[in-house]
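Visitor:
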Amino acid sequence: MIYNVDKETLPREDMEALQLRRLKDLCERVYARVPFYKKKFDEAGITPADIRSLNDLQYLPFTEKQDLRNHYPYGMFAVPKENIVRLHASSGTTGRATVVGYTQRDLDIWAECIARSLMMAGATRRDIIHNAYGYGLFTGGLGVHFGAEKLGATVVPVSGGATRRQISLLKDFGPTVICCTPSYMIFLHETAREMGIDFRELPLKIGVFGAEPWTDEMRRDIEAKTGITAVNIYGLSEVMGPGVSMECHEAQCGMHIYEDHFLPEIIDPSNGKAMGPGETGELVFTTLTKEGIPLIRYRTKDLSSLNYTPCICGRSTVRMDRIKGRSDDMLIIRGVNVFPSQIESLLLETAGLTPHYQIIVRREGPLDTMEVQVEVDEKMFSDAIKNLQHRERELQKNIKEFLGVTASVKLVEPQSIERSVGKAKRVIDQRGE
Ligand code: AMP
Ligand code: ZN
Numbered sequence: 549m550i551y552n553v554d555k556e557t558l559p560r561e562d563m564e565a566l567q568l569r570r571l572k573d574l575c576e577r578v579y580a581r582v583p584f585y586k587k588k589f590d591e592a593g594i595t596p597a598d599i600r601s602l603n604d605l606q607y608l609p610f611t612e613k614q615d616l617r618n619h620y621p622y623g624m625f626a627v628p629k630e631n632i633v634r635l636h637a638s639s640g641t642t643g644r645a646t647v648v649g650y651t652q653r654d655l656d657i658w659a660e661c662i663a664r665s666l667m668m669a670g671a672t673r674r675d676i677i678h679n680a681y682g683y684g685l686f687t688g689g690l691g692v693h694f695g696a697e698k699l700g701a702t703v704v705p706v707s708g709g710a711t712r713r714q715i716s717l718l719k720d721f722g723p724t725v726i727c728c729t730p731s732y733m734i735f736l737h738e739t740a741r742e743m744g745i746d747f748r749e750l751p752l753k754i755g756v757f758g759a760e761p762w763t764d765e766m767r768r769d770i771e772a773k774t775g776i777t778a779v780n781i782y783g784l785s786e787v788m789g790p791g792v793s794m795e796c797h798e799a800q801c802g803m804h805i806y807e808d809h810f811l812p813e814i815i816d817p818s819n820g821k822a823m824g825p826g827e828t829g830e831l832v833f834t835t836l837t838k839e840g841i842p843l844i845r846y847r848t849k850d851l852s853s854l855n856y857t858p859c860i861c862g863r864s865t866v867r868m869d870r871i872k873g874r875s876d877d878m879l880i881i882r883g884v885n886v887f888p889s890q891i892e893s894l895l896l897e898t899a900g901l902t903p904h905y906q907i908i909v910r911r912e913g914p915l916d917t918m919e920v921q922v923e924v925d926e927k928m929f930s931d932a933i934k935n936l937q938h939r940e941r942e943l944q945k946n947i948k949e950f951l952g953v954t955a956s957v958k959l960v961e962p963q964s965i966e967r968s969v970g971k972a973k974r975v976i977d978q979r980g981e
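Per the working numbering, the sequence shown runs over residues 549 to 981.
1. Could you say if the stretch 620-632 and the stretch 677-685 meet the contact criterion of at least three C-beta pairs nearer than 8 Å?
2. Quick check on the burial criterion: 16 or more other C-beta atoms within 10 angstroms. Buried or exposed for valine 578?
3. The ligand AMP heavy atoms versus the CB of proline 761: any closer than 7 Å?
4. In the DSSP output, what is methionine 794 paired with across the bridge?
5. Quick one, which of His693, Leu894 and Gly688 has its alpha-carbon nearest alanine 663's?
6. Compute the distance between the beta-carbons of serine 853 and aspartate 869, then report whether it is under 8 Å.
7. Could you compute how far the alpha carbon of valine 756 sits from the alpha carbon of proline 914?
8. By the three-class DSSP mapping on this structure, what secondary structure does histidine 636 have?
9. Following the continuous beta strand (DSSP E) through leucine 851, name the residue where it begins and the one where it ends.
10. Any heavy atom of the ligand AMP closer than 7 Å to the Cβ of threonine 834?
11. For a test of the three-state rule: what should DSSP assign to aspartate 931, helix, strand or coil?
12. Given isoleucine 776, which residues of its chain have a CB within under 8 Å of its CB, disregarding the five upstream and five downstream residues?
13. Please determine whether the Cβ atom of asparagine 780 lies at a distance below 7 Å from any heavy atom of the ligand AMP.
14. Closest to isoleucine 550 by CA distance: which of Lys588, Thr651, Tyr607 and Arg673 is it?
15. Checking the sheet assignment: what are the DSSP bridge partners for arginine 874?
16. Are the CB atoms of proline 596 and lysine 572 within a distance shorter than 8 Å?
17. Taking DSSP as the reference, what is the three-state secondary structure of alanine 822?
18. Identify whether lysine 958 lies in helix, strand or coil by the three-state DSSP scheme.
19. According to DSSP, simplified to helix, strand and coil, what is asparagine 946?
20. Among all residues, which have a Cβ less than 7 Å from at least one non-hydrogen atom of the ligand ZN, and in what chain order do they fall?
21. Is cysteine 728 helix, strand or coil when you go by DSSP?
22. What did DSSP end up calling methionine 766 once you bin it into helix, strand or coil?
23. When DSSP builds the beta bridges, which residues end up paired with arginine 911?
24. Which term fits phenylalanine 833, buried or exposed, when burial requires 16 or more other beta carbons within 10 angstroms of its beta carbon?
25. Taking buried to mean at least 16 other C-beta atoms within 10 Å of its own C-beta, is phenylalanine 721 buried or exposed?
26. Specify, as a first and last residue, the run of the beta strand (DSSP E) that glycine 688 falls within.
27. Please find out if some non-hydrogen atom of the ligand AMP comes closer than 7 Å to the beta-carbon of phenylalanine 828.
28. Return yes when the Cβ of glutamate 919 is within less than 8 Å of the Cβ of lysine 973, no when it is not.
29. Given arginine 910, which residues of its chain have a CB within under 6 Å of its CB, disregarding the five upstream and five downstream residues?
30. Near aspartate 654, what residues of its chain come up, given a Cβ to Cβ distance below 7 Å and the 5 sequence neighbours on each side ignored?
31. Would you say isoleucine 734 touches the ligand AMP, meaning its beta carbon is less than 7 Å from a heavy atom?
32. So asparagine 618 is in the beta strand (DSSP E); what residue range does that whole segment cover?
33. Do valine 703 and leucine 717 come within 8 Å of each other at the CB atom, strictly closer than that value?
34. Along the alpha helix (DSSP H) that carries proline 812, what are the first and last residues, could you check?
35. Tell me which same chain residues have a C-beta within less than 8 Å of the C-beta of tryptophan 658, skipping the five on either side of it?
36. Would aspartate 850 and valine 975 be called neighbours here (beta carbons separated by less than 8 Å)?
In structure tokens, the structure reads:
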């Protein structure tokens with residue numbers, strides 16, 4: 549089922565006409581109300597009246613996370629503060645936090661984007677939704693919450709943490725949909741097993757997972773262990789929060805972007821030039837309708853590609869590929885580029901290994917080295933040492949063969965890597981120490 553048939557199945561020409569109208573309006577608004585953009589437009593020698601086609605987007609300036617930091621907290625807002633009804637802030641793990649503000653209309657649109665997403669995952673108003681994304685300044689919890697209510701479903705606002713209690717609630721309340729990070733889902737499954745509860749016997753049928761990078765191998769692993777259909781949801785607080793794009797359960801192949809609100813581009817991160825459909829580069833979004841903190845050509849640092857081919861679900865909106873990594877998460881080990889997701893794919897293909905892993909990067913002399921620590925499952929752990937060593941060598945060989953980089957692999961005992969209730973920390977960088 550499609551939540552907003554009108555917008556989600558618009559023919560391409562109509563979508564582009566709508567986007568152009570909204571883009572012109574956006575340029576007028578930011579030029580008049582945000583000094584940062586007025587200055588940027590003036591420096592580039594353009595005015596909002598110069599935007600005559602979507603192709604003119606390329607002449608507009610980019611916006612970066614640093615610009616938001618430089619104008620912390622309210623300098624990029626485009627409406628008077630009394631019109632802002634909610635603030636959120638991003639975690640600030642890579643520097644000072646960034647603050648985003650929403651008008652009531654922004655929140656209504658966000659709720660609709662989530663309602664569209666939940667329906668795209670296969671949910672309806674008859675479902676009970678266990679929402680284990682963190683509630684608070686992080687956009688995940690409250691974002692999903694109001695969208696679930698808008699859909700008319702029953703939402704259980706459980707937030708992250710108190711994991712054993714969550715298992716009891718999953719059993720007692722019988723939710724059919726769960727929303728959380730994929731790494732937390734694996735933690736939940738593991739905790740349920742310890743408590744003697746089999747996920748496959750719960751009424752749960754759909755998992756809406758996102759907020760962190762994960763692979764298709766991880767999806768299959770979760771689906772096999774829990775018997776649910778796992779779909780990918782994407783978003784970022786600067787652009788809105790979760791629900792910028794969502795994967796349909798029919799195809800499970802790329803996330804449909806709500807193009808009537810977010811205009812996507814893929815650029816070459818090294819020079820800012822546009823890249824074509826199917827080419828992998830940095831995802832850039834222009835927020836066509838946002839009022840509180842509208843952004844022009846926001847550089848997400850997330851690497852993906854765009855697919856305009858028709859989808860079996862009947863939606864006409866463009867699909868973005870699963871995030872391959874963030875350009876600032878890319879490790880360069882002795883000149884070879886490696887993303888944590890590539891390691892994840894390989895380790896999930898090795899028998900006896902679990903999705904609990906960490907990559908430790910150290911500097912030894914002039915060179916960077918990488919150690920991959922992976923937990924083995926209970927069965928593997930009870931095996932003879934020589935079998936463990938065999939698995940270590942197998943993964944090490946695959947990393948060398950498929951990624952072209954030498955890594956040392958260390959298999960560690962079950963439960964030894966710290967669990968996260970939100971975004972998992974995959975890379976420990978000890979180079980600066
Ligand atoms: P935040 O601003 O805290 O919501 O974090 C947003 C970032 O989380 C994005 O820029 C992505 O790097 C990451 N992210 C969110 N959803 C996904 C997803 N489905 N797959 C991969 N990364 C994601
Ligand atoms: Zn689809």
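Note that the Cβ used here is the ideal one computed from N, Cα and C, for glycine as well.
Guide: Result, derived from the coordinates:
1. no
2. buried
3. yes
4. Ile781 and His804
5. His693
6. yes
7. 43 Å
8. strand
9. 846-852
10. no
11. coil
12. Ile726, Phe747, Leu752, Lys753, Ile754, Gly755 and Ile770
13. yes
14. Arg673
15. Asp850
16. yes
17. strand
18. strand
19. helix
20. Cys796, Glu798, Ala799, His804, Cys859, Ile860, Cys861, Arg863 and Arg867
21. strand
22. helix
23. Asp916
24. buried
25. exposed
26. Note, glycine 688: premise wrong, no beta strand (DSSP E); alpha helix (DSSP H) at 687-699.
27. The residue asked about is misnamed: residue 828 is threonine in this sequence, not phenylalanine. No, the beta carbon of threonine 828 sits no closer than 7 Å to any heavy atom of the ligand AMP.
28. no
29. Thr917 and Gln978
30. Lys838, Glu839 and Gly840
31. no
32. First-last for asparagine 618: 613-618, but that is the alpha helix (DSSP H), not the beta strand (DSSP E).
33. no
34. No alpha helix (DSSP H) contains proline 812, which is instead part of the beta strand (DSSP E) from 810-815.
35. Tyr650, Gly691, Phe694, Gly695, Met788, Gly789 and Gly791
36. no
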